[in-house]
Structures are given as C-alpha cells and as structure tokens.
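Shown next, in structure tokens, is the structure this report addresses.
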Amino acid sequence: MSKINLMLGNCLDHMQSMPDGSVDLTLTSPPYNIGKAYEKRSSMQAYMELMTPIISECCRVTRDGGSIFFQLGNHVDKGAIMPLDMIMWPLFSAHGMTMRNRIVWTFGHGLHCKNRFSGRYEVILWMTKGDNYTFNLDDVRVPSKYPMKRHYKGPKTGQLSGNPLGKNPSDVWDIPNVKHNHPEKTEHPCQFPEALADRCVMAASNAGDTVLDPFMGSGTTGVAAKNLGRSFIGIEMDETYFNIAKNRIELA
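All residue numbers for the sequence shown refer to the numbering used here, where the first residue is 2 and numbers rise by one.
This is how it looks when you write it as structure tokens:
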C-alpha cells in the first residue's frame, strides 16, 4: 500500500535524515532565484551554495536505477537570462548521474517581453543513477499522427508502420502551464501542471515505488504519486503552501 509522508521545514535538514538509496524517483522544481514570494533573491554564488548540497542529497537518496526529474527555468537579471539547467547539470554529473533527456516543456502563455523574445518554455533534466533504470515507455505513449499508416513495400507490406499503442512523446512536451483560470490553480505562483507530473511519474517509476519532492510547493507531484499508486515524501518550508499541498493530496 502506498504511503504519504509530508514534512514541513528545510528540505536539506529532512533529506539528511533519509537513508541512502531510499527513493525511486525525485520530481521537483526548485526556486529560480528571481525573487518570487517563496524565496529571497541573492547572488548567484550564494544561490549555488544553497543548491549544491541539496542536489548532493537528492543523488544520495536515489537508489541504483532510480531517476531525478529536475524542472528548471531561467534566472533573469536586468533582462539577461542564465539557463539554470546549464549550471545545474555538472552538479548531478559530479555524483555519477547520467542525463537521459533534456526535456523542453513548452506552453502557450508566459511573459510578454519587449526587449527579447518572450520565454515560454522551461527545461526538465532527467538524470538516472546507473544504466539499469526504469522507463515505462508504453505507459506514456501519445496518439500517433497517422495511427493507421501501413508499410507500402517490403516484407512488412500492409502491416501497421507505427506502434499500435501510440508514439514516443519525444523530448519536447507541449503542456499548458497553470495560470489564472486553469482549473488546478492555487495560491502558489509557480505551479506546474498535473499532466507534466503524471508523465514523469508513470515513465520513471512503478506502482508502490517512492517518489520524493523536496520543494513540494502546492503538491502537484504528491497528487500524481497518490493517483498513480506510488508512495510519496514531500517537503515544504512555507506553511501556507504546505497546507495547500496537504489538502490537494488528501483530496486526490
């Protein structure tokens, strides 16, 4: 039976008390150091000093064959952007993690910029510990563009040319983000959609596995984990968001 364990407080403190290799999948989105309500903007050096031990703990608690999905945007300073995935990747690599995909999550709504193109995508780093990792492709296939297309020549003439279960969704995911009138919207200003969390959880974990979100926010990862029969560990330092997440996961 799946279990839910929600913890209020600093994620580093809580993770340091967790055993090695106790998590099958981590799915999270850390602060971007851009001064949102839940973070204090600091220098990039101070920000990386904060993130480095957290990433280290994420890698430590991941079991052999487990995965980390780390969703990141851009740090923006006076109109200049710094892609956070580019500076985070070496931290994972230093712990022997292997990048399987750099997933681009694109959405139709976002900032309306005047001095550069409007940014309407974010990146998810999919890292695995070892080569024998879980990947349930059939669980996340999407409808084929031409589902009844058949081979027209050769030994497979007349047979379906694509997988009848659908196609691989690729590493570019077009999923609407959670803004204003979105039915999933809560008070959290940077909430990612359940459709994104569902795909990650289904692809890289199995029923009964343990999913961790050290920056739980509004609880979207926990909702996906509970709906899909996974155990969940969620950590959130803001009490308001913690209570929102707790209520959403209880209702799932």
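Backbone N, C-alpha and C define an ideal beta-carbon position, used for all residues, glycine too.
From what residue to what residue does the beta strand (DSSP E) around residue i run?
i, result
"Ile-69", "63-73"
"Leu-278", "A question about residue 278 goes unanswered here, because the residues of the chain that appear run from 2 up to 253."
Using the Cα positions of residue i and residue j, report the straight-line distance between them to the nearest angstrom.
i, j, result
"Lys-130", "Ala-205", "12 Å"
"Lys-227", "Ile-5", "8 Å"
"Val-124", "Val-105", "5 Å"
"Gly-159", "Asp-172", "30 Å"
"Met-238", "Ala-198", "21 Å"
"Cys-60", "Met-16", "11 Å"
Are the CB atoms of residue j and residue i within a distance shorter than 8 Å?
i, j, result
"Trp-90", "Leu-126", "yes"
"Gly-10", "Val-62", "no"
"Val-143", "Lys-168", "yes"
"Leu-161", "Val-202", "no"
"Gly-223", "Ile-250", "yes"
"Ile-88", "Met-49", "yes"
Beta-carbon of residue i versus every beta-carbon of chain B: anything under 8 Å?
i, result
"Trp-174", "This model lacks chain B altogether; it includes just one protein chain."
Could you spell out the range, first to last residue, of the alpha helix (DSSP H) harbouring residue i?
i, result
"Pro-31", "Premise fails: Pro-31 is in no alpha helix (DSSP H) and is neither H nor E."
"Val-141", "Looking at the DSSP string, Val-141 is not in any alpha helix (DSSP H), and its letter there is neither H nor E."
"Arg-249", "240-252"
"Glu-235", "Just to set this straight, residue 235 is Gly in the shown sequence, not Glu. That residue, Gly-235, is in no alpha helix (DSSP H); its beta strand (DSSP E) goes 232-237."
"Met-87", "85-94"
"Thr-221", "221-228"
Could you tell me which of the options sits nearest to residue i, measuring between CA atoms?
i, options, result
"Arg-103", "Asn-116, Leu-85 and Ala-81", "Leu-85"
"Pro-20", "Ser-3, Met-52, Met-49 and Arg-64", "Arg-64"
"Met-52", "Tyr-134, Ser-232 and Cys-12", "Cys-12"
"Val-24", "Lys-79, Gly-67 and Ser-18", "Gly-67"
"Leu-1", "Phe-193, Ser-232 and Met-2", "In the structure displayed, the chain extends from 2 to 253; residue 1 sits before or after that span and is not available."
"Thr-135", "Asn-207, Glu-195, Tyr-122 and His-113", "Asn-207"
Exercise for the section: Assess, as a yes-or-no matter, whether the region 23-34 is touched by the region 209-220 under the definition of 3 or more beta carbon pairs within less than 8 Å. Expected result: yes
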